[in-house]
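Undergrad: Going letter by letter, the sequence shown gives residues 1 to 183 in UniProt numbering.
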Amino acid sequence: MERIADFLFEAGMLKRIPRSGYHFLGGGKESIAEHSFMITTIAFALSRMDETVDAGKLLAMCLVHDLPEARTGDLNYVQKKYCSADEARAVADQARGLPFGKEYAALVEEFNACETLEARLAKDADQLAFVLDLRTLMDTGHNGADKWLAVVLERLVTEPGRKLADAIVSRAWDDWWLTGYSE
Numbered sequence: 001m002e003r004i005a006d007f008l009f010e011a012g013m014l015k016r017i018p019r020s021g022y023h024f025l026g027g028g029k030e031s032i033a034e035h036s037f038m039i040t041t042i043a044f045a046l047s048r049m050d051e052t053v054d055a056g057k058l059l060a061m062c063l064v065h066d067l068p069e070a071r072t073g074d075l076n077y078v079q080k081k082y083c084s085a086d087e088a089r090a091v092a093d094q095a096r097g098l099p100f101g102k103e104y105a106a107l108v109e110e111f112n113a114c115e116t117l118e119a120r121l122a123k124d125a126d127q128l129a130f131v132l133d134l135r136t137l138m139d140t141g142h143n144g145a146d147k148w149l150a151v152v153l154e155r156l157v158t159e160p161g162r163k164l165a166d167a168i169v170s171r172a173w174d175d176w177w178l179t180g181y182s183e
């Protein structure tokens, strides 16, 4: 039980570790935990768009995909040109002694391999979270976010992911607030 408690404390570190890519945008910020929450929420929606998806696996994959960053930190695109993180070692060390360690390690490995439908949808959810942030930054006057949008949209690999991206891009970040309620 102590090993599970330690694992949970380690997962909690993700609330304190900022994602590093936002420095290039000139605005926006989030912790790794906030990012994981958002992509898991997106994955829930994506799982309802295709009835062949193993929703439980997809959600679990999104929830744990960045847990190794509790040990490695978050390296952005530029940092990865100069530094590398030993994610496999971090996952192995995190999984050691956990009753669900093999399942955890398999989920991260499947996410990284991006070969199954669930992994492709998880990767799309990862990108769609960025699309949402970029749209919000664009709508709130941050210059430069529009430059990144086309790049991120090109990374989408599933039809449900592309359809959801089209809907996100066609809406303003606050449309839900202005039109999404009734009195």
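For glycine and all other residues, C-beta sits at the position ideal for the given N, C-alpha and C.
Out of curiosity, what's the CA-to-CA distance linking Gly28 and His35?
TA: The residue you call residue 28 lines up with position 28 of the sequence shown. The residue you call residue 35 lines up with position 35 of the sequence shown. Each residue's alpha carbon lies about 12 angstroms from the other.
Undergrad: Taking 8 angstroms as the cut-off, decide whether the C-beta atoms of Leu98 and Phe37 are in contact.
TA: Counted from its first residue, the sequence shown places residue 98 at position 98. Counted from its first residue, the sequence shown places residue 37 at position 37. It is not a contact, given that the beta carbons lie outside the stated cut-off.
Undergrad: Which same chain residues end up closer than 8 angstroms to Asp66 when comparing Cβ atoms and leaving out the 5 residues on each side of it in sequence?
TA: Taking the sequence shown and counting its residues from 1, one reaches residue 66 at position 66. Within the same chain, Asp66 has close Cβ partners Leu14, Ile32, His35, Ser36, Asp74.
Undergrad: Is the stretch 36-55 close to the stretch 122-137, with three or more CB pairs under 8 angstroms?
TA: Yes, they touch.
Undergrad: Looking at Ala92: is its Cβ nearer than 8 angstroms to the Cβ of Ala105?
TA: The residue you call residue 92 lines up with position 92 of the sequence shown. The residue you call residue 105 lines up with position 105 of the sequence shown. For Ala92 and Ala105, yes; Cβs fall inside 8 angstroms.
Undergrad: State the start and end residues of the unbroken alpha helix (DSSP H) segment that holds Ser36.
TA: Numbered from its first residue, the sequence shown carries residue 36 at position 36. 32-47 is the span of the alpha helix (DSSP H), which, as asked, contains Ser36.
Undergrad: What are the start and end residues of the alpha helix (DSSP H) that includes Tyr82?
TA: As a working mapping, residue 82 is identified with position 82 in the sequence shown. Neither: Tyr82 is in no alpha helix (DSSP H) and is coded neither H nor E.
Undergrad: Three-state secondary structure (DSSP) at Pro99?
TA: Residue 99 sits at position 99 when you count from the first residue of the sequence shown. Correct three-state label for Pro99: coil.
Undergrad: Is the CB-CB distance between Pro68 and Ala90 below 8 angstroms?
TA: For the purposes of this step, residue 68 is identified with residue 68 of the sequence shown, where counting begins at 1. For the purposes of this step, residue 90 is identified with residue 90 of the sequence shown, where counting begins at 1. Yes.
Undergrad: Using only CA atoms, which one of Thr158, Asp86, Met1, Glu51 lies nearest to Ala71?
TA: Residue numbering aside, residue 71 sits at position 71 when the sequence shown is read from its first letter. Contrary to the premise, residue 71 reads as Arg rather than Ala in this sequence. The option with the nearest alpha carbon to Arg71 is Asp86.
Undergrad: Measuring CA to CA, which of Thr116, Asp174, Ala150 is closest to Thr140?
TA: Within the sequence shown, residue 140 is the residue found at index 140, counting from 1. Ranking the options by Cα distance to Thr140, first place goes to Asp174.
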